[in-house]
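*Asks:* Could you have a look at this structure, given as structure tokens, before my questions?
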Amino acid sequence: MSAGEIQKNQQTELSVIDLSKQGRQKLRSRKYGEASTLFLQGLEREPENPYLLSGLGDASREMGHFDLAESCYQTLLKHEGNNLFALRGLGDVYKKLGRHADAISMWERYLKLRQRDKHVMSRIADSAKVLLQFERAEEMYLSILEFAPDDRFALTGLADLQHRLGKDHEAIQIYEKILSYDSNGIHILTILGKLCWRISDFDRAEVYFRRALEVDPRNPYALYGLGNCHRWNRRYQQAIDVWQKILQESEGTQALHTRMGDAYYHVGRKQEAAESYKRSISFGRDPFSLAGLVCLSVDTQDLDTAIDTFFDLVVNDVDPVFQLDMLSRRFERAGQKDMMQTFYRQLMQSDSADRKLGDDLLAAMEKLC
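Position in the sequence shown (from 1) plus 648 gives the number in my numbering.
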């Protein structure tokens, strides 16, 4: 007799209770396949055993076998309509399947039987958030915090909700409370940096990005944020140095290359600026990089290229007058107002002017000149 046959005989000698116990042990050890085998053996003898059905449902759910899991839970509910394991498990299955309204329905039935289960309450709030039922989600998170004020899931969910709703100050306050429990939470540190940046508290943002980099020196979100802080404070070379660390690990994003171009431009490294702008445009059309290339072409007296790039900038833009205004500000910030006027005069005299310059744009340019 083979070892496999011996093992099978030994297993068939186990009682249903023993199969259930061993299945639960395997389930706790996350050995879901082995757990399923044990539960199925028990169900061959007792097909309606609630412990075996709930165990097989849980193991199947964890393995992504949602049809089998749903079948197990539904069988349980047919025989015991208030089975807590089935109600909770079925809600989890529906959530995995993206059926959030059905999931909430199951969990609400569960809560009527076992109130103040903060884990299930958090699940309801999370699914309500997915369904854009923000008031319902907020109410549930706050209900949890009434009896569990330090619950991380509720705090994080509520902070994320405030963030989504644009209530940045409220979100910051909650995230800072979470951080007090875990001072090295890299995800929370980077979110706080971004939120502080959004409310224009740049010094505070820099503190959080630096703290994040102490935990993870290569974190791209913290590096990008710190670079932005340097750029805001006109520490352009420091911004470049920080952003280069991102590019050592990845190709970067369009926004990163655009800002790299601006930083290079401000420190006089115009060749690198042009390369960064062109790299940005390789990701897709970007008016900021096109405007930067216009300025660089004017700097080098390559007015033909400047004119062509200018038309690329404004020809498909929803508001070309706005782009012209932004471009003019760039010239003025660089102390190149005379050069700007010379460029616009030549632009209006170019062969393409009549074809490509609209009346509003032409009037705006004449005013600048």
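All C-beta atoms, glycine included, are put in the ideal place defined by N, C-alpha and C.
#1: Looking at the structure shown, is D1008 part of a helix, part of a strand, or coil, going by DSSP?
#2: Taking R672 as the reference, which of Q722, S684, L725 has the closest Cα?
#3: What's the C-alpha gap between I822 and I792?
#4: How would you label H767, buried or exposed, when you count the other beta carbons within 10 angstroms and need 16 or more for buried?
#5: Leaving out five residues before and five after G841 in sequence, what residues of the same chain have Cβ atoms less than 6 Å from its Cβ?
#6: Would you say the region 730-742 touches the region 688-708, given that touching needs at least three Cβ pairs under 8 Å?
#7: How many whole angstroms separate the CB atoms of Y758 and D750, which I take to be in contact at a CB cut-off of 8 Å?
#8: Work out the CA separation of L667 and K679 for me, nearest whole Å.
#9: Compare the Cα-Cα distances from M988 to each of T906, F958, P968 and report the closest residue.
#10: Take Q997 and list the residues in its own chain whose beta-carbon comes closer than 8 Å to its own, dropping the five residues that flank it on each side.
#11: Looking at A939 and S945, is the spacing between their C-beta atoms short of 8 Å?
#12: Sort Q984, L1010, R981, D986 by Cα distance to L995 and report the nearest one.
#13: Helix, strand or coil for I665, going by three-state DSSP, please let me know.
#14: Looking only at C-alpha atoms, which of I894, T990, D740, L686 sits nearest to R709?
#15: Is E718 closer than 8 Å to L688 when the C-beta atoms are compared?
#16: Determine the burial state of S828: buried for a count of at least 16 other Cβ atoms within 10 Å of its Cβ, exposed for fewer.
#17: Determine the DSSP secondary structure at I836, reduced to helix, strand or coil.
*Replies:* The short version:
#1: Position 360 of the sequence shown, counting from 1, holds the residue named residue 1008. Helix.
#2: Mapped onto the sequence shown, residue 672 falls at position 24. For R672, the nearest C-alpha among the options comes from S684.
#3: As a first step, residue 822 is located in the sequence shown; it is residue number 174 there, counting from the start. As a first step, residue 792 is located in the sequence shown; it is residue number 144 there, counting from the start. Taken atom to atom, the span from the alpha-carbon of I822 to that of I792 is near 14 Å.
#4: Mapped onto the sequence shown, residue 767 falls at position 119. Its Cβ having fewer than 16 others within 10 Å, H767 is exposed.
#5: Taking the sequence shown and counting its residues from 1, the one referred to as residue 841 is at position 193. When the five nearest sequence neighbours on each side are left out, the beta carbons in the same chain lying within less than 6 Å of the beta carbon of G841 are those of A853, Y856, F857, G873, in order along the chain.
#6: As far as the Cβ criterion goes, the region 730-742 touches the region 688-708, which means the pair count is three or higher.
#7: To locate residue 758, count along the sequence shown from 1; it is residue 110. To locate residue 750, count along the sequence shown from 1; it is residue 102. Contact doesn't hold; Cβ gap of about 13 Å is too wide.
#8: Stepping through the sequence shown from its first residue, residue 679 is reached at position 31. Stepping through the sequence shown from its first residue, residue 667 is reached at position 19. Distance from the CA of K679 to the CA of L667, rounded to the nearest whole angstrom, comes to 14 Å.
#9: Here residue 988 refers to the residue found at position 340 when the sequence shown is read from its first residue. The candidate whose alpha carbon is nearest that of M988 is F958.
#10: The sequence position of residue 997 within the sequence shown is 349, counting from 1. Here the set comprises nothing.
#11: Here residue 945 refers to the residue found at position 297 of the sequence shown. Here residue 939 refers to the residue found at position 291 of the sequence shown. Taking C-beta atoms as the reference points, S945 and A939 fail to come closer than 8 Å.
#12: The residue you call residue 995 lines up with position 347 of the sequence shown. The residue from Q984, L1010, R981, D986 with its alpha-carbon nearest to that of L995 is L1010.
#13: Numbered from its first residue, the sequence shown carries residue 665 at position 17. Judged by DSSP in its simplified three-state form, I665 adopts helix.
#14: Here residue 709 corresponds to residue number 61 of the sequence shown, with the count starting at 1. Of I894, T990, D740, L686, the residue nearest in Cα terms is D740.
#15: Within the sequence shown, residue 688 is the residue found at index 40, counting from 1. Within the sequence shown, residue 718 is the residue found at index 70, counting from 1. Between L688 and E718, the gap from beta carbon to beta carbon reaches 8 Å or more.
#16: On the sequence shown, residue 828 is found 180 positions in, with the first residue counted as 1. Taking every protein chain shown into account, the CB of S828 has fewer than 16 other CB atoms within 10 angstroms, so this residue is exposed.
#17: If you number the sequence shown from 1, residue 836 lands on position 188. Correct three-state label for I836: helix.
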